[in-house]
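Undergrad: Protein chains in written order, with the numbering used here: chain A, 52 to 347; chain B, 3 to 294.
Glycine is no exception: its CB is placed at the ideal position from the N, C-alpha and C atoms.
One structure, pasted below without further comment.
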């Protein structure tokens, strides 16, 4: 009897709070209740943007890998890792909305069984989807004005970076992983660095591959890029054993135009690799390009 | 006597491959460039020669080490990954990365070869106690032994988010080989030579070093000794030079294939050998031995 009443009450109560908005997610458009009370976040890019919007997070995965969002989640409960959610902690946490994406995208379906879940994976069109996510969070959390401000701040930073890069020539994106290296093209995971800032590719044939194309140091010398964009995989996972600079500082890479002119930019790898597509991450990266290559 | 001719033929092929290897790479280089272009000589010194040498030494040493190891445990199906050597190396890389992340590549390799050696010796100690009448027990015990160490490595690497890092270290690959980054291998080569002249114990040391310097190159330590023993018999004093040459030919040839197939990108030699080695191994199984 009591159960029937409470069930009845729940089904009646639900529509009272449920003012919904339709947002774009990785799985397509979805109706989401606005102003959820307690939220848990399973994606670092999402956490990045929510942090920028000033949205309080009550549950979060650990480790975060990036340090600039640590302060905003100090009081949040642990809900597992990016790859392994702690389903018990989520079930007892009474969350109104779960935000998955990227590395946690494949558990999004499982999360749906516990609480309303949105998959906010950012893939391929990093800048476009990153900004879409920003707008969506603005709608859901009633922070449209903050979202608009962040968007225009990013656009300004991007324009400055474009301006700075316009006379720098072509570039090659490489990732170092211990003693080996791989290359990324304009279609790949980090391709938005080429497309958003209009930086031509030093090698046109680098195919789309999630983990890049294995290359030799001769490849870099042969491509002879004007700018070398370096991401250190080991640093992205909190390892500073062999830094990217040590791997690249050799007799072949030293002969390239980029190295000779000091046009080697080491991106904060956690920002580009872990929280890529987050509004703070994107703004920080394009600002770094602007600062490194500004004339004068 | 015919072993001499086989050896001569092998060395001839190896010499041709080695010269070819100096001219296979991303940057176009022809034979005449050596006289015309000082840049060409530099490129060979910095990149092409070290890579060729690394492939030759590690291929030869792995095959010799596999041969001797198979002799020591009296079983033909033992190789680094079924003797705990590869897993021991992985354990070493993992531990040194967690405890001393700032260590140089050389220190990491040296420590990893120590754990690889300890792990291989542990395997030998276990195998000694097995009844000689049950030869299949050796590779089975090796698989279980390596599996236990490997599982421990996987667990810790997963917890520390180092899975990809470990796999890159262990995937046999020569793309990062440059002057100044492979010289530990010369020690390995010396170990292989010592194995021939003096003490068999050097074989396990050499195997550990090769695995930690260039990663796991599958099948070389398994297929090559078996081919030679099928064709030329089991007298190691006679056949070991052949084993070394064939191991070097297979490894260098596979690395050159890996450089060519998807040029200008690379296919790791471990991947190429995983495919070719499997084919050769099947051929080996279905072909009757010619040496009686």
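Would you identify the three-state DSSP class for residue 82 (chain A), choosing helix, strand or coil?
TA: Note: residue 82 (chain A) maps to strand in three-state DSSP.
Undergrad: For the region 220–232 of chain A, which residues have a beta carbon sitting closer than 9 Å to at least one beta carbon of chain B?
TA: Hits within the stretch, in order: 228, 229, 230, 231 and 232.
Undergrad: Does the ligand GDP have even one heavy atom less than 6 Å from the beta-carbon of residue 91 (chain B)?
TA: Absence of the ligand GDP is noted for the structure shown, with no ligands found whatsoever.
Undergrad: In the region 246–275 of chain A, which residues sit with their C-beta less than 7 Å from some C-beta in chain B, listed in chain order?
TA: If the cut-off is 7 Å between Cβ atoms, the region 246–275 of chain A has 264, 265, 266, 267, 268, 269, 270, 272 and 273 near chain B.
Undergrad: Is there a Cβ from chain B that is less than 7 Å from the Cβ of residue 292 (chain A)?
TA: The predicted position of residue 292 (chain A) is uncertain, since its pLDDT is 43 and thus under 50; a value taken from the coordinates is nonetheless stated next. At least one chain B Cβ lies under 7 Å of residue 292 (chain A).
Undergrad: Below 8 Å, can you find three or more Cβ-Cβ pairs linking the region 207–226 of chain A to the region 150–157 of chain A?
TA: No contact exists between the region 207–226 of chain A and the region 150–157 of chain A.
Undergrad: Using C-beta distances below 8 Å, list every residue in its chain close to residue 230 (chain B), excluding the 5 sequence neighbours before and after it, in chain order.
TA: So the list reads 69, 241, 244, 245 and 248, once near-sequence residues are dropped.
Undergrad: Name, please, each residue of chain B whose Cβ falls closer than 7 Å to the Cβ of residue 301 (chain A).
TA: Here the neighbours are 180.
Undergrad: Would you check if the region 138–150 of chain A and the region 72–91 of chain A touch, i.e. whether three or more CB-CB distances between them fall below 8 Å?
TA: They touch, by the three-pair rule.
Undergrad: Are the CB atoms of residue 155 (chain B) and residue 302 (chain B) within a distance shorter than 7 Å?
TA: A question about residue 302 (chain B) goes unanswered here, because the residues of chain B that appear run from 3 up to 294.
Undergrad: Taking the alpha carbon of residue 8 (chain B) as the point to measure from, which residue in B:49, B:235 and B:189 has its own alpha carbon closest?
TA: Of the candidates B:49, B:235 and B:189, the one whose C-alpha sits nearest the C-alpha of residue 8 (chain B) is B:235.
Undergrad: So is residue 219 (chain B) in contact with chain A if we call contact Cβ pairs under 7 Å?
TA: Not closer than 7 Å to any Cβ of chain A, the Cβ of residue 219 (chain B) fails to qualify, so no.
Undergrad: Mind checking if residue 29 (chain B) is an interface residue toward chain A, Cβ cutoff 7 Å exclusive?
TA: Yes - at least one Cβ of chain A is within 7 Å of the one on residue 29 (chain B).
Undergrad: Could you pull out every residue in the same chain whose Cβ sits closer than 6 Å to the Cβ of residue 332 (chain A), ignoring the five residues on either side in sequence?
TA: Taken in chain order, the residues that qualify are 99, 322 and 326.
Undergrad: How would you write the range of the alpha helix (DSSP H) that residue 324 (chain A) sits in, first residue to last?
TA: Where residue 324 (chain A) is concerned, the enclosing alpha helix (DSSP H) stretches over 320–324.
Undergrad: Identify whether residue 165 (chain A) lies in helix, strand or coil by the three-state DSSP scheme.
TA: Here residue 165 (chain A) sits in coil by DSSP.
Undergrad: From the beta carbon of residue 268 (chain B), is the nearest beta carbon of chain A less than 7 Å away?
TA: So yes, residue 268 (chain B) belongs to the interface.
Undergrad: If the cut-off is 7 Å on Cβ atoms, which residues from the region 42–55 of chain B count as contacting chain A, listed in chain order?
TA: So the close ones are 48 and 49.
Undergrad: Just how far apart, CA to CA, sit residue 245 (chain A) and residue 175 (chain B)?
TA: Approximately 29 Å between the Cα atoms of the pair.
Undergrad: Could you check which residue in B:266, B:91, B:29 and B:198 has the C-alpha nearest to that of residue 239 (chain B)?
TA: Per the Cα distances, B:198.
Undergrad: Check distances from the C-beta atoms of the region 155–181 of chain B to those of chain A and list, in chain order, the residues that come in under 8 Å.
TA: Answer set for the region 155–181 of chain B: 163, 164, 166, 167, 170, 171, 175, 177, 178, 180 and 181.
Undergrad: Between the C-alpha atoms of residue 292 (chain A) and residue 319 (chain A), what's the straight-line distance to the nearest angstrom?
TA: Here residue 292 (chain A) scores only 43 on pLDDT, less than 50, and its place in the model should not be relied on; the value that follows carries that caveat. Distance between the alpha carbons of residue 292 (chain A) and residue 319 (chain A) is about 16 Å.
Undergrad: Comparing alpha-carbon positions, which option in A:73, A:345 and A:77 lies nearest residue 214 (chain A)?
TA: Among A:73, A:345 and A:77, the Cα nearest to that of residue 214 (chain A) belongs to A:345.
Undergrad: Flag this pair as touching only if the region 182–195 of chain A and the region 73–80 of chain A have three or more C-beta atom pairs under 8 Å; answer yes or no.
TA: Segments in contact, yes.
Undergrad: Using the beta-carbon of each residue, which ones in chain A are nearer than 9 Å to residue 183 (chain B)?
TA: 230 and 301, listed in chain order.
Undergrad: Pop quiz: residue 337 (chain A) and residue 237 (chain A) are said to be a contact at Cβ under 8 Å. What is the actual Cβ separation, rounded to whole angstroms?
TA: In fact, because the Cβ distance is near 16 Å, the residues do not count as touching under 8 Å.
Undergrad: So, residue 313 (chain A) versus residue 173 (chain A), is the Cβ gap smaller than 7 Å?
TA: Not closer than 7 Å, so no.
Undergrad: Apart from the five residues just before and just after residue 137 (chain B), which ones in its own chain have a Cβ nearer than 6 Å to its Cβ?
TA: Contacts found: 77.
Undergrad: Report back the beta-carbon spacing between residue 47 (chain B) and residue 181 (chain B) to the nearest angstrom; my notes put them in contact at under 8 Å.
TA: Going by Cβ atoms, the distance from residue 47 (chain B) to residue 181 (chain B) rounds to 7 Å, so yes, they are a contact pair.
Undergrad: Cα separation between residue 191 (chain A) and residue 84 (chain A)?
TA: C-alpha separation (whole angstroms): 7 Å.
Undergrad: Identify the continuous beta strand (DSSP E) that holds residue 281 (chain A) and give its terminal residues.
TA: Taken as a continuous stretch (DSSP letters only), the beta strand (DSSP E) holding residue 281 (chain A) covers 278–283.
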